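Those letters in the sequence shown? Residues 82 to 400, by the numbering used here.
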Amino acid sequence: MITEDHAQAWKKVTAAVHTQGGKIYFQPWHLGRCQNEQIPIMQEKNHPVVAPSKVPARGGKYRDLSGTPGHTHNITEIENPRDFVNMYRHSAILAKRAGFDGIELLAQGGYLPQQFLNSRANIRTDAYGGSVVNRCRFILEVSDVLAEVFGSEFVCIKICPTDQINDSVMTYEEMKDVYTHLIKELVKRRIGIINLSRRGANHNTGTGDFFGNTTRPDGFPLPLGYDPVIDFGPLVKFPGSPSMLMANYDYTVDEANRLVGEGKLDLITFGRPFIYNPDVIFRIQHDIPFVENNRSNNVHYGPFEEPNQNYNDWPVAAA
Numbered sequence: 082m083i084t085e086d087h088a089q090a091w092k093k094v095t096a097a098v099h100t101q102g103g104k105i106y107f108q109p110w111h112l113g114r115c116q117n118e119q120i121p122i123m124q125e126k127n128h129p130v131v132a133p134s135k136v137p138a139r140g141g142k143y144r145d146l147s148g149t150p151g152h153t154h155n156i157t158e159i160e161n162p163r164d165f166v167n168m169y170r171h172s173a174i175l176a177k178r179a180g181f182d183g184i185e186l187l188a189q190g191g192y193l194p195q196q197f198l199n200s201r202a203n204i205r206t207d208a209y210g211g212s213v214v215n216r217c218r219f220i221l222e223v224s225d226v227l228a229e230v231f232g233s234e235f236v237c238i239k240i241c242p243t244d245q246i247n248d249s250v251m252t253y254e255e256m257k258d259v260y261t262h263l264i265k266e267l268v269k270r271r272i273g274i275i276n277l278s279r280r281g282a283n284h285n286t287g288t289g290d291f292f293g294n295t296t297r298p299d300g301f302p303l304p305l306g307y308d309p310v311i312d313f314g315p316l317v318k319f320p321g322s323p324s325m326l327m328a329n330y331d332y333t334v335d336e337a338n339r340l341v342g343e344g345k346l347d348l349i350t351f352g353r354p355f356i357y358n359p360d361v362i363f364r365i366q367h368d369i370p371f372v373e374n375n376r377s378n379n380v381h382y383g384p385f386e387e388p389n390q391n392y393n394d395w396p397v398a399a400a
């Protein structure tokens, strides 16, 4: 969200959610080095692909764009990261104006915030690179400005220590050092929700879509049975903690009920199942199994023949 027109358009959505008694959080993204300079709007606006350092991500392909496989190599190194911190502030102000109840920083998926964390993507020698403290600086500064706009209680930070999407993978040792420091600092800031995803930690359910079929690359093993939520969760979930612990990625309803009931987690989200199950809350309430994705990755990224395809055309359960 970067213009006032965007905020005005989103007002219709937030108002509709509030009419039904719901709450809605805004999730700002910045792709960083995962962007592609061939995207029409990038060319129209003459925007460069920016990143912490001139290090292209390995792999990747925008299948609907021309060019050879792989993420762009035409990268402009960010000169002043504070400029991008202020972009997040601007987006948060517009989101607040649009009626969003809170904001969730997407700091996973190999996108810009996570690129600053990763020593393979971030080879800066200034205050935003090198040490763990420096590499965490960008996310923490963004968290601070989001809290200034919404209040820390209404800020959520989504992280995935074991992520491997878009060349985001870290060694186990680096992951432990980086995310231990990051999470402790977020809790110190009294961030309302820390959302831990366990993607990349061998918890795939085999749904046949893109995210369910990814595997960790060679050279980045994890301990057998490793779960980042179990490992890092106690840094968030402890007596007197100012932050709530949310978890995400391929939880079953039974697993979610058990973990919340045992007090190990405060919240568990269902993301992709909401696409295939527009009535996911009804299904949970009435113990009706979820519909699984049998339409492959086209559900997420098309191509689509019309706007409702794979979005508003899923079956609804009967009571």
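Backbone N, C-alpha and C fix where the C-beta goes; we use that ideal spot for every residue, glycine too. Quick caveat: nothing in here was measured; it's all calculated off a predicted structure.
Of the listed residues the options, nearest to residue i (C-alpha basis)
i: Pro129; options: Gly140, Gln116, Val136 and Arg218; result: Gln116
i: Ile238; options: Glu266, Asn203, Ala282 and Gln101; result: Glu266
i: Ala247; options: Lys104, Leu112 and Asn391; result: Note that residue 247 is Asn in the sequence shown here, rather than Ala. Minimum Cα distance to Asn247 is reached at Leu112.
i: Ala97; options: Asp368, Phe181, Ile349 and Pro194; result: Phe181
i: Asn215; options: Asp258, Leu175, Gln245 and Asp244; result: Asp258
i: Val213; options: Ser200, Asp225, Val268 and Val380; result: Ser200
i: Val131; options: Glu125, His171 and Asn203; result: Asn203
beta-carbon residue i near the ligand MG non-hydrogen atom, thresh 7 angstroms
i: Pro309; result: Of ligands this structure carries none, so the ligand MG is not represented either.
Backbone secondary structure at residue i - three-state DSSP
i: Ile122; result: helix
i: Val372; result: coil
i: Ile105; result: coil
i: Ile156; result: strand
i: Arg163; result: helix
i: His367; result: coil
i: Val136; result: coil
i: His171; result: helix
i: His381; result: helix
is_contact[residue i, chain D] using C-beta, thresh 8 angstroms
i: Val223; result: Structure shown: chain D not included; a single protein chain is present.
Length of the line joining the Cα atoms of residue i and residue j
i: Tyr106; j: Gly140; result: 31 angstroms
i: Ile264; j: Phe385; result: 39 angstroms
i: Asp335; j: Asn329; result: 14 angstroms
i: His99; j: Arg271; result: 26 angstroms
i: Ile184; j: Asn167; result: 15 angstroms
i: Gly314; j: Asn276; result: 10 angstroms
i: His262; j: Met82; result: 30 angstroms
i: Pro359; j: Leu198; result: 35 angstroms
i: Trp91; j: Arg178; result: 9 angstroms
i: Leu348; j: Cys241; result: 16 angstroms
i: Asp207; j: Ala188; result: 21 angstroms
i: Thr445; j: Pro302; result: As displayed, the chain neither begins before 82 nor continues past 400, which places residue 445 out of reach and without an answer.
Span of the beta strand (DSSP E), counted from its first residue to its last, around residue i
i: Ala398; result: From DSSP, Ala398 is part of no beta strand (DSSP E); its letter is neither H nor E.
i: Pro132; result: What sits at residue 132 in the sequence shown is Ala, not Pro. Note, Ala132: beta strand (DSSP E), Val130 to Ala132.
Delimiting residues of the alpha helix (DSSP H) encompassing residue i
i: Thr100; result: Glu85 to Thr100
- Item | Contained alpha helix (DSSP H) runs [length at least 4] in the region 280–359, N- to C-terminal order | 309–313, 334–342 and 353–357
- Query: What are the start and end residues of each continuous beta strand (DSSP E) run of 3 or more residues lying completely inside the region 177–233, in chain order?
  - Reply: 183–187
- Message: Just to confirm the assignment: which complete beta strand (DSSP E) runs, minimum length 3, are found wholly within the region 235–288?
- Response: 236–240 and 274–278
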